[in-house]
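Enquirer:
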Amino acid sequence: MFQREEKKAIIKIILFFFFLDLSYLGKDKAALIEALWLIISVLLCFVIIGFIPLIILLVKRQTRLFKYIKEYESAPCVGE
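First residue of the sequence shown: 216, per this note's numbering; consecutive thereafter.
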């Protein structure tokens with residue numbers, strides 16, 4: 216049904232939404248930093264300053280999501 220490259224891209228996209236994509240790629244330290252950043256940003260959202268780190272984090276993650284989507288689209292047999 217799906218080829219290996221397609222499955223990897225789909226798995227990365229799904230894990231992205233649960234903040235587990237970096238752990239899957241073996242970047243545990245970056246994943247921990249990103250998770251802590253999210254928790255601190257959410258806690259600070261009650262203060263106006265908390266929105267700034269949250270927006271930075273979401274923009275940073277958005278670029279990774281687009282990279283995973285492009286990887287999926289460039290996999291063989293997609294769109295046939």
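Even for Gly, the Cβ is constructed at its ideal location relative to N, Cα and C.
For Phe-232 and Ala-290, I'd like the C-alpha separation in whole angstroms.
Expert: Whole-angstrom Cα-Cα distance: 21 Å.
Enquirer: Go ahead and label Glu-249 buried or exposed: buried means 16 or more other beta carbons lie within 10 angstroms of its beta carbon, across all protein chains shown.
Expert: Buried: at least 16 other Cβ atoms inside 10 Å.
Enquirer: Using DSSP with H/G/I as helix, E/B as strand and the rest coil, what is Phe-233?
Expert: In this structure, Phe-233 counts as coil in the three-state DSSP scheme.
Enquirer: Which word fits Leu-237, buried or exposed, when buried means at least 16 other C-beta atoms lie within 10 angstroms of its C-beta?
Expert: Looking at its Cβ environment, which holds 16 or more other Cβ atoms inside 10 Å, Leu-237 is buried.
Enquirer: Is Ile-228 closer than 9 Å to Ile-284 when the C-beta atoms are compared?
Expert: Contact: yes.
Enquirer: Pick helix, strand or coil for Phe-281, following the three-state DSSP scheme.
Expert: Helix.
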